[in-house]
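Residue numbers (the working numbering): 8 to 335.
This is the structure in structure tokens:
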């Protein structure tokens, strides 16, 4: 299961990563904290309907969930930015009320079935380890480039969760003191520069600072998405190419620091922005090596994800279960 701010997608996946059935319920339909019980009820009903739709016998090995702000240790979603908010005008509500024990509640609807949950970037990381190009790797990093920047760190074959379950937030390391404001409330976080939203902000800053002709100048901010920048770059648009160079510089510098801390075998890029291919990978690789400590130079592979595709989020969440099975 993959829980997003708009929809929750889920599917039946076997150990080889084959998808037998999938379905979706609206997350956006339940925006408030008081809507959460109704969301869980609809979700469980839809999961039972899907599970009963298969025409052959099977054993349900477990339920894996990828969700924003998910705590692997506790099976909770804790104070998510875009889910189950307080009613507007409620004053100064108690944020501690926004801790949702989803794994436990789904478990009650599926007695005896293990339910595991982690954040969406960690789910993608485990998916890479089970189904993708990281099979056999014991030390690697996954960077997910969507609306924000997520990441997952694997060391000695194990996910790094930290003592509180929230380790690995590369997107919220500060790369520019006093820089762009982030949704987390701080300034200069990496994801404000390296993400679909970040490169969009870069393009508009470049347009404000220069007179460089660009096909992107005719697009309103609210109509803009990162795929337009990729399309412009493919046609040699100088402003789009500079936006990717700058994005690659910010990401490459940050990854050089990651390598100094973790010494991974490889770093994988996943998500919409990574589909820009060479326009993102080439400058990222160059700036990563340029800023790398000499002992690490030319040792770390920068690779596209092996699970890129429309079912990647569901595969990643299911991999939580297969990984747990291997450790039993």
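For every residue, glycine included, the Cβ atom is placed at its ideal position computed from N, Cα and C.
Everything numeric in this text was worked out from a predicted model, so none of it was measured.
{"Query": "Using 8 angstroms as the threshold, is the C-beta distance between residue 261 and residue 300 below it?", "Result": "no"}
{"Query": "Just the Cα atoms here: how many angstroms apart are residue 78 and residue 225?", "Result": "43 angstroms"}
{"Query": "For residue 214, report the span of its alpha helix (DSSP H) as first-last.", "Result": "203-216"}
{"Query": "Would a C-beta distance cut-off of 8 angstroms place residue 159 and residue 175 closer than the cut-off?", "Result": "yes"}
{"Query": "Report yes or no: do the region 98-109 and the region 67-87 share at least 3 C-beta pairs separated by less than 8 angstroms?", "Result": "yes"}
{"Query": "Am I right that residue 18 and residue 35 are in contact with their C-beta atoms under 8 angstroms? What's the rounded C-beta distance?", "Result": "Not a contact, Cβ separation roughly 20 angstroms."}
{"Query": "Under 8 angstroms by Cβ, that's how I've got residue 250 and residue 210 pegged, so tell me the actual separation to the nearest angstrom.", "Result": "5 angstroms"}
{"Query": "Count the other CB atoms within 10 Å of the CB of residue 302; is the residue buried (16 or more) or exposed (fewer)?", "Result": "exposed"}
{"Query": "Chain C beta carbons: is any one of them nearer than 8 angstroms to that of residue 171?", "Result": "Absent from the structure is chain C; it holds one protein chain and no more."}
{"Query": "Do residue 192 and residue 199 have their beta-carbon atoms positioned less than 8 angstroms apart in this structure?", "Result": "no"}
{"Query": "How big is the Cα-Cα spacing for residue 6 and residue 234?", "Result": "The chain is shown only over 8 to 335; residue 6 falls outside these bounds and no answer can be derived."}
{"Query": "Would you grab the beta carbon distance between residue 162 and residue 146 for me? Rounded to a whole angstrom, and I think it's under 8 angstroms.", "Result": "6 angstroms"}
{"Query": "DSSP three-state label for residue 93, please.", "Result": "coil"}
{"Query": "Within 10 angstroms of its Cβ, does residue 275 collect 16 or more other Cβ (buried), or is it exposed?", "Result": "buried"}
{"Query": "What are the residues that DSSP puts in a beta bridge with residue 308?", "Result": "273"}
{"Query": "Starting from the N-terminal side, write out each stretch of the alpha helix (DSSP H) that is 4 residues or longer and does not extend beyond the region 57-143.", "Result": "109-116, 127-138"}
{"Query": "Can you check the region 156-188 for any alpha helix (DSSP H) of at least 4 residues that lies completely inside it and give the ranges in chain order?", "Result": "none"}
{"Query": "So, at 8 angstroms on beta carbons, what are the nonlocal neighbours of residue 69 in its own chain, with the 5 sequence-adjacent residues on each side left out?", "Result": "120, 121, 122, 123, 327, 328, 331, 332"}
{"Query": "Excluding the 5 residues flanking residue 241 on each side, which residues of the same chain have their C-beta closer than 7 angstroms to its C-beta?", "Result": "none"}
{"Query": "So, with DSSP's three-state summary, where would you put residue 45?", "Result": "helix"}
{"Query": "Excluding the 5 residues flanking residue 114 on each side, which residues of the same chain have their C-beta closer than 6 angstroms to its C-beta?", "Result": "122"}
{"Query": "Please go through the same chain and pick out, in chain order, the residues whose beta-carbon is closer than 7 angstroms to the beta-carbon of residue 256, but skip the five residues on each side of it.", "Result": "290, 294"}
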